[in-house]
């Protein structure tokens, strides 16, 4: 008889315990970057996350010897399942102590939950949408995590791969790029060429344009079109877009956001580059994900005063019909001088499908290293 007890989260107290477990498990770890508690609450709350317009979810805690020993979220994204013609239940927010009885019990809870809803496979780690962290780290355990990705102990994939029935569904890679002393000649030449030949031009935003003239919505419409054919993607709804604009853009340093417009098409927005100062060290200093009493100062120092060595390339996208026209060179020719000015030494690419050569070719003129790999697993039910 199993000594692990699985309990479904049923109230705010249980949700707080669900969120707290990650902070407890990774306390003091030099590589994990814990999310802000307020962001976790917003994402996991049915009344606050617009993804619940088309998603179902429940959260489970594993108890052993009277203590929390693991957690997992079970999610069905109906919009993604319809788009990709799959009946997938996703597992996400998975954490567990190094005990295979615990990890097995957590995943079984998700499997049973999915079967009850007619699902035929379990996949993950995935969130509600691509805007949530995804993929279990399989390489790069000695590398600092980022705000937008998952960090996990090396024993996590060992547990999954020892259970039987699980297989690779998708792998992601991540790159660390080093900020050059000067803009690479290739970017400069291509940027000049695309301005002259295709009449594409850099657009820098004002705060008014973001908040009052709809540019925030336009940005995410380009992201929707750019990402629509990527693994498991479900297009963001207008309500989700409004939510992300409100969450991320008001505090953004607009010098680190570069857009590309086609002046032959009434200044149509065709490319988006959203980058932010790395918040990894700042978030590590927010005890248990709390901004108060002192965490806010570390975040402010990174965001506003650029007291960080890295920059996260959070969202980079160019409409498919413009990818071969060199629009990405325009973005880097504009952004690299800002990185130099702010003193950034390196940038993180975030997750990229290992097969996405178009995205990876963006970094070909930079000194770089592929320093992380992560995997989404699949199992038939």
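Numbering (our numbering), first residue to last: 252 to 632.
Ideal placement from N, C-alpha and C gives every residue a C-beta, glycine not left out.
Note that the structure is predicted; figures quoted are calculated from it, not measured.
Please name the residue, chosen from the options, that lies closest to residue i on a Cα-to-Cα basis.
{"i": "residue 387", "options": "369, 351, 424", "result": "424"}
{"i": "residue 432", "options": "623, 495, 596, 536", "result": "596"}
{"i": "residue 552", "options": "532, 566, 539, 610", "result": "532"}
{"i": "residue 348", "options": "471, 320, 325, 332", "result": "320"}
{"i": "residue 371", "options": "306, 602, 340, 395", "result": "340"}
{"i": "residue 417", "options": "426, 359, 429, 607", "result": "359"}
{"i": "residue 525", "options": "565, 413, 342", "result": "565"}
{"i": "residue 401", "options": "429, 439, 346", "result": "346"}
{"i": "residue 557", "options": "547, 527, 585, 536", "result": "527"}
{"i": "residue 475", "options": "455, 447, 614, 569", "result": "569"}
{"i": "residue 382", "options": "373, 452, 488", "result": "488"}
{"i": "residue 438", "options": "271, 615, 510", "result": "615"}
{"i": "residue 304", "options": "318, 330, 317", "result": "330"}
{"i": "residue 399", "options": "530, 269, 490", "result": "530"}
{"i": "residue 510", "options": "516, 586, 559, 463", "result": "586"}
{"i": "residue 375", "options": "361, 594, 268, 366", "result": "361"}
{"i": "residue 338", "options": "373, 344, 350, 364", "result": "373"}
{"i": "residue 377", "options": "367, 344, 412", "result": "344"}
Just mark residue i as buried or exposed, buried being the case when its beta carbon has 16 or more other beta carbons within 10 Å.
{"i": "residue 328", "result": "buried"}
{"i": "residue 620", "result": "exposed"}
{"i": "residue 261", "result": "exposed"}
{"i": "residue 285", "result": "buried"}
{"i": "residue 582", "result": "buried"}
{"i": "residue 481", "result": "exposed"}
{"i": "residue 576", "result": "buried"}
{"i": "residue 288", "result": "buried"}
{"i": "residue 613", "result": "buried"}
{"i": "residue 403", "result": "buried"}
{"i": "residue 543", "result": "exposed"}
{"i": "residue 535", "result": "buried"}
{"i": "residue 547", "result": "exposed"}
{"i": "residue 384", "result": "buried"}
{"i": "residue 505", "result": "exposed"}
Could you tell me how far apart the beta carbons of residue i and residue j are, in whole angstroms, since I believe they sit closer than 8 Å?
{"i": "residue 315", "j": "residue 255", "result": "5 Å"}
{"i": "residue 392", "j": "residue 326", "result": "Contact flag wrong, Cβ pair sits at about 26 Å."}
{"i": "residue 601", "j": "residue 397", "result": "7 Å"}
{"i": "residue 498", "j": "residue 554", "result": "Their Cβ separation, rounded to whole angstroms, is 14 Å, which puts residue 498 and residue 554 out of contact at 8 Å."}
{"i": "residue 523", "j": "residue 473", "result": "5 Å"}
{"i": "residue 520", "j": "residue 469", "result": "5 Å"}
Leaving out five residues before and five after residue i in sequence, what residues of the same chain have Cβ atoms less than 7 Å from its Cβ?
{"i": "residue 389", "result": "408, 624, 625, 626"}
{"i": "residue 281", "result": "none"}
{"i": "residue 479", "result": "486"}
{"i": "residue 500", "result": "461, 467"}
{"i": "residue 494", "result": "301"}
Please work out which residues of its chain come closer than 6 Å, Cβ to Cβ, to residue i, disregarding the five sequence neighbours upstream and downstream, and give them in chain order.
{"i": "residue 313", "result": "255, 257, 320, 321, 353, 356, 357"}
{"i": "residue 294", "result": "300"}
{"i": "residue 580", "result": "438, 441, 442"}
Within 8 Å (strictly less), CB to CB, does residue i reach chain C?
{"i": "residue 514", "result": "Within the model displayed, chain C is absent; a lone protein chain is all it includes."}
Whose C-beta lies closer than 8 Å to the C-beta of residue i among residues of the same chain, with five residues either side of it excluded?
{"i": "residue 266", "result": "260, 292, 295, 296, 310"}
{"i": "residue 518", "result": "454, 512"}
{"i": "residue 426", "result": "599, 600, 603, 611, 614, 619, 620, 621, 622"}
{"i": "residue 539", "result": "271, 274, 285, 288"}
task: Output the residue ranges of the beta strand (DSSP E) runs that lie fully inside the segment 396–439 and measure 3 residues or longer, sorted by chain position.
output: For the segment 396–439, the full-length beta strand (DSSP E) segments reaching 3 residues or more read 418–429 along the chain.
field: In chain order, each beta strand (DSSP E) run of at least 3 residues that lies wholly inside the segment 435–488
entry: Listed in chain order, they are 451–454.
message: If we require 4 or more residues per run, which alpha helix (DSSP H) segments fall completely within the segment 553–631?
response: Whole alpha helix (DSSP H) segments, 4+ residues: 578–593, 608–611.
- prompt: At which residue ranges does the segment 309–342 contain complete alpha helix (DSSP H) runs of 4 or more residues, listed in the order of the chain?
  reply: With a minimum length of 4 residues, the continuous alpha helix (DSSP H) runs that stay inside the segment 309–342 are 329–335.
query: Which runs of the alpha helix (DSSP H), 4 residues or longer, sit entirely within the segment 490–546?
result: The DSSP assignment places complete alpha helix (DSSP H) segments of no fewer than 4 residues inside the segment 490–546 at 531–535, in order along the chain.
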